[in-house]
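A.B. asks:
Residue numbers (my numbering), protein chains in the order written: chain A, 677 to 919; chain B, 37 to 263.
1. With distances taken from CA atoms, which of A:733, A:748, A:727 and A:834 is nearest residue 709 of chain A?
2. So that I know if they touch, is there some Cβ in chain A lying closer than 7 Å to that of residue 177 of chain B?
3. Pull up the CB-CB distance for residue 136 of chain B and residue 47 of chain B, whole angstroms please, since I reckon it's below 8 Å.
4. Would residue 911 of chain A count as contacting chain B if we go by Cβ distances under 7 Å?
5. Any residues in the segment 100-124 of chain B with a beta carbon nearer than 9 Å to a beta carbon of chain A? Which ones, in chain order?
6. Is the CB-CB distance between residue 735 of chain A and residue 702 of chain A below 7 Å?
7. For a cutoff of 7 Å on Cβ pairs, would you count residue 210 of chain B as touching chain A?
8. How big is the Cα-Cα spacing for residue 190 of chain B and residue 141 of chain B?
9. Going by DSSP, what residue range makes up the beta strand (DSSP E) through residue 168 of chain B?
10. Tell me whether the beta-carbon of residue 865 of chain A lies closer than 7 Å to the beta-carbon of residue 149 of chain B.
11. Check each candidate in B:52, B:40 and B:92 and name the one with the smallest Cα separation from residue 69 of chain B.
12. Quick one: which unbroken beta strand (DSSP E) runs of 3-plus residues sit fully inside the segment 84-150 of chain B? Chain order, please.
13. For residue 262 of chain B, which residues in chain A fall below 7 Å Cβ to Cβ?
14. Is there at least one Cβ from chain A nearer than 7 Å to residue 172 of chain B's Cβ?
15. What do you get for residue 870 of chain A, buried or exposed, if any count of 16 or more other CB atoms within 10 angstroms of its CB means buried?
16. Specify whether the segment 161-168 of chain B and the segment 833-841 of chain A touch according to this definition: at least 3 beta carbon pairs, one from each stretch, less than 8 Å apart.
17. Out of A:821, A:757 and A:790, which one is the CA nearest neighbour of residue 780 of chain A?
18. Distance, Cα to Cα, residue 224 of chain B vs residue 679 of chain A?
19. Check whether the segment 774-794 of chain A and the segment 202-212 of chain B touch, using three or more Cβ-Cβ pairs below 8 Å as the test.
20. Are the C-beta of residue 780 of chain A and some C-beta of chain B separated by less than 7 Å?
21. Whole angstroms are fine: how far does the CA of residue 56 of chain B sit from the CA of residue 78 of chain B?
22. Residues in the same chain with beta-carbon distance under 7 Å from residue 177 of chain B, minus the five sequence neighbours each way, listed in chain order, please.
23. In terms of DSSP beta bridges, what is residue 56 of chain B paired with?
24. Quick check: residue 64 of chain B and residue 93 of chain B, are their CB atoms within less than 7 Å of each other?
25. Which complete beta strand (DSSP E) runs does the segment 829-896 of chain A hold, if anything under 3 residues is left out?
26. Within 7 Å (strictly less), CB to CB, does residue 711 of chain A reach chain B?
27. For residue 119 of chain B, is the classification buried or exposed, using 16 other Cβ atoms within 10 angstroms of its Cβ as the cut-off for buried?
28. Smallest Cα separation from residue 689 of chain A: which of A:855, A:727, A:750 and A:717?
29. If I follow the unbroken alpha helix (DSSP H) through residue 194 of chain B, where does it start and stop?
30. Taking the continuous beta strand (DSSP E) assigned at residue 719 of chain A, which residues delimit it?
31. So with Cβ pairs under 7 Å, would you call residue 200 of chain B a contact of chain A?
32. Is the separation between the beta-carbon of residue 195 of chain B and that of residue 186 of chain B shorter than 7 Å?
33. Using DSSP with H/G/I as helix, E/B as strand and the rest coil, what is residue 724 of chain A?
34. Could you list the residues in the segment 851-885 of chain A with a C-beta less than 8 Å from some C-beta on chain B, going in chain order?
35. Residues in its own chain within less than 7 Å of residue 74 of chain B by CB, not counting five upstream and five downstream?
36. Using a beta-carbon distance below 7 Å, is residue 134 of chain B in contact with chain A?
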């Protein structure tokens with residue numbers, strides 16, 4: 677069971693590696709258990725999700741058909757720490773939907789993206805109909821979903837589906853470097869920042885501003901905020917404790 | 037508007053010009069600037085002669101390089117600080133101004149600087165502009181709306197890439213992610229901003245104000261006609 681998804685945690689950074697392609701319900705169960713565990717572990721300050729081999733995460737609809745009623749995006753979207761997708765190869769169907777549930781997407785130059793469900797008489801079933809329009813705008817999102825078109829990493833970058841493209845051999849290292857840097861930051865600020873963005877987008881602007889303000893003043897009670905401001909004044913690197 | 041320390045407020049025909057004026061400290065935002073900005077914005081809000089406002093930074097180096105951290109940690113208890121935040125809601129006032137506001141952005145546009153820029157309706161950046169949200173690296177989160185205004189402008193992906201990493205982006209990258217509307221040479225920034233403002237100021241002001249309201253309030257509402 678454990679070999680389907682590998683989890684390694686080092687100095688506040690969790691690295692989740694998907695080792696089954698195409699993904700199935702077993703992988704989804706294991707991923708859900710891992711995300712649950714990470715959410716209870718306040719020592720975890722950032723996570724990287726990556727695939728193994730030539731693909732990031734493949735198309736489950738082709739493999740399992742309409743019966744494939746499992747979700748990879750739900751547990752990942754529930755993670756309260758920042759999540760970086762290291763898209764080492766193609767992200768098709770549910771694989772792309774998984775990437776959409778992450779906060780920052782770094783893609784290999786050779787990676788391809790598509791949501792081909794329509795070709796099998798289906799629609800995306802793991803969140804893309806909601807997350808993709810919110811990410812790249814309604815027009816580009818609906819075009820991708822209605823045509824099943826395959827796009828390159830450069831096109832994905834251009835439309836804002838990923839935030840950077842690097843050579844395939846560097847993807848994981850770039851993501852790990854970003855993850856390690858985040859793991860050195862104030863963990864409650866990272867979590868509250870993410871919470872303010874996502875919850876805020878589901879609310880009116882005025883309600884979102886209220887939420888941001890409440891979370892901001894709650895952070896006034898943390899030692900890390902004091903350390904952050906002090907270190908800036910003293911022109912030294914901050915030492916955050918997650919408190 | 038006499039006796040201001042941190043802001044210059046001028047009226048030029050139908051335009052209101054707000055200049056953040058602490059150039060020696062890169063126009064960083066402090067409590068005094070908050071209070072003066074509140075006064076200026078209140079005056080603009082109720083002035084029907086002002087058709088369009090422009091906000092810009094004095095000096096060569098920055099629009100606004102963030103908040104004045106020397107005032108941090110001396111603030112009142114979080115309970116009282118929260119009370120003050122909403123008692124004089126300068127950002128709510130800014131975002132709800134009836135007139136269009138144009139941000140003319142140059143040099144450093146960090147933290148509160150980005151947040152002020154995002155309260156504007158149209159953002160013009162000069163080629164030397166650099167953007168960044170360093171709050172998380174300092175152990176807190178933005179508090180002048182960036183977690184809400186930035187994702188609404190550029191989507192959650194680009195927004196979190198800026199917010200969670202604190203990385204800096206130049207004018208061209210800011211344009212590509214639609215953080216700004218256009219990029220112009222440094223020497224043309226003021227002229228371009230005023231040209232645009234004059235153009236909008238020449239239209240029927242009832243229509244201009246209703247248009248701004250339809251867009252900003254409409255984004256909070258469902259469209260309503262669906263399959």
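Note that CB positions come from ideal geometry on N, CA and C, so glycine has one too.
C.D. replies: Concretely, from the data shown:
1. Taking the first residue of the first chain as 1, we reach residue 709 of chain A at position 33. With distances taken between Cα atoms, residue 709 of chain A lies closest to A:748.
2. Here residue 177 of chain B refers to the residue found at position 141 when the second chain is read from its first residue. Residue 177 of chain B counts as touching chain A.
3. Position 100 of the second chain, counted from the first residue, corresponds to residue 136 of chain B. Position 11 of the second chain, counted from the first residue, corresponds to residue 47 of chain B. Actually they are not in contact, since the Cβ atoms of residue 136 of chain B and residue 47 of chain B sit about 16 Å apart, beyond 8 Å.
4. For the purposes of this step, residue 911 of chain A is taken as the residue at position 235 of the first chain. No, residue 911 of chain A lies away from the interface with chain B (no Cβ there is under 7 Å from its Cβ).
5. 105, 106, 108, 109, 111, 113, 114, 115, 117, 118, 121 and 122
6. Counting from 1 along the first chain, the entry for residue 735 of chain A is found at position 59. Counting from 1 along the first chain, the entry for residue 702 of chain A is found at position 26. Going by C-beta atoms, residue 735 of chain A is not nearer than 7 Å to residue 702 of chain A.
7. On the second chain, position 174 is the one that residue 210 of chain B refers to. Residue contact with chain A for residue 210 of chain B: absent (no Cβ-Cβ distance below 7 Å to any residue of chain A).
8. Numbered from 1 along the second chain, position 154 holds the residue referred to as residue 190 of chain B. Numbered from 1 along the second chain, position 105 holds the residue referred to as residue 141 of chain B. Rounded to whole angstroms, residue 190 of chain B to residue 141 of chain B spans 17 Å at the Cα level.
9. Mapped onto the second chain, residue 168 of chain B falls at position 132. Where residue 168 of chain B is concerned, the enclosing beta strand (DSSP E) stretches over 166-168.
10. Within the first chain, numbered from 1, the residue matching residue 865 of chain A stands at position 189. Within the second chain, numbered from 1, the residue matching residue 149 of chain B stands at position 113. No; because the gap between Cβ atoms is not below 7 Å, this pair is not in contact.
11. What you label residue 69 of chain B is simply residue 33 of the second chain in a count that begins at 1. Of the listed residues, the one whose Cα sits closest to residue 69 of chain B is B:40.
12. 88-93, 98-100, 137-141 and 144-146
13. Numbered from its first residue, the second chain carries residue 262 of chain B at position 226. Those do not exist, as residue 262 of chain B stays about 12 Å from chain A at its closest Cβ, beyond 7 Å.
14. On the second chain, residue 172 of chain B is found 136 positions in, with the first residue counted as 1. With 7 Å as the cut-off, residue 172 of chain B counts as an interface residue toward chain A.
15. On the first chain, position 194 is the one that residue 870 of chain A refers to. It counts as buried.
16. no
17. What you label residue 780 of chain A is simply residue 104 of the first chain in a count that begins at 1. Among A:821, A:757 and A:790, the Cα nearest to that of residue 780 of chain A belongs to A:757.
18. For the purposes of this step, residue 224 of chain B is taken as residue 188 along the second chain, with counting starting at 1. For the purposes of this step, residue 679 of chain A is taken as residue 3 along the first chain, with counting starting at 1. Approximately 60 Å between the Cα atoms of the pair.
19. no
20. Stepping through the first chain from its first residue, residue 780 of chain A is reached at position 104. Yes - at least one Cβ of chain B is within 7 Å of the one on residue 780 of chain A.
21. Here residue 78 of chain B is taken as the residue at index 42 of the second chain, counted from 1. Here residue 56 of chain B is taken as the residue at index 20 of the second chain, counted from 1. Spanning the two alpha carbons is a distance of roughly 16 Å.
22. Counting from 1 along the second chain, the entry for residue 177 of chain B is found at position 141. Closer than 7 Å at the Cβ level, and outside the excluded window around residue 177 of chain B, lie 171 and 183.
23. In the second chain, residue 56 of chain B corresponds to position 20, counting from 1. Looking at the DSSP assignment, residue 56 of chain B forms a beta bridge with B:43 and B:93.
24. Position 28 of the second chain, counted from the start, is the residue given in the question as residue 64 of chain B. Position 57 of the second chain, counted from the start, is the residue given in the question as residue 93 of chain B. Result no, Cβ atoms of residue 64 of chain B and residue 93 of chain B do not sit closer than 7 Å.
25. Counting only runs of 3 or more, we get 840-842.
26. Mapped onto the first chain, residue 711 of chain A falls at position 35. So, not an interface residue.
27. Taking the first residue of the second chain as position 1, residue 119 of chain B is located at position 83. With fewer than 16 other Cβ atoms within 10 Å, it is exposed.
28. For the purposes of this step, residue 689 of chain A is taken as the residue at position 13 of the first chain. Among A:855, A:727, A:750 and A:717, the Cα nearest to that of residue 689 of chain A belongs to A:855.
29. Here residue 194 of chain B corresponds to residue number 158 of the second chain, with the count starting at 1. Residue 194 of chain B -> alpha helix (DSSP H) spans 182-201.
30. On the first chain, residue 719 of chain A is found 43 positions in, with the first residue counted as 1. Residue 719 of chain A -> no beta strand (DSSP E), and no H or E assigned at all.
31. One-based indexing of the second chain puts residue 200 of chain B at position 164. Answer yes: the Cβ-Cβ gap between residue 200 of chain B and chain A drops below 7 Å somewhere.
32. On the second chain, residue 195 of chain B is found 159 positions in, with the first residue counted as 1. On the second chain, residue 186 of chain B is found 150 positions in, with the first residue counted as 1. Yes, the pair counts as a contact, with Cβ atoms nearer than the cut-off.
33. Numbered from 1 along the first chain, position 48 holds the residue referred to as residue 724 of chain A. Three-state result, residue 724 of chain A: strand.
34. 854, 857, 858, 861, 862, 865, 866, 868, 869, 870, 872, 873, 874, 876, 877, 880, 881, 882, 884 and 885
35. Here residue 74 of chain B refers to the residue found at position 38 of the second chain. So the list reads 124, 126 and 129, once near-sequence residues are dropped.
36. Translated into positions along the second chain, residue 134 of chain B becomes position 98. No, because no Cβ of chain A sits closer than 7 Å to the Cβ of residue 134 of chain B.
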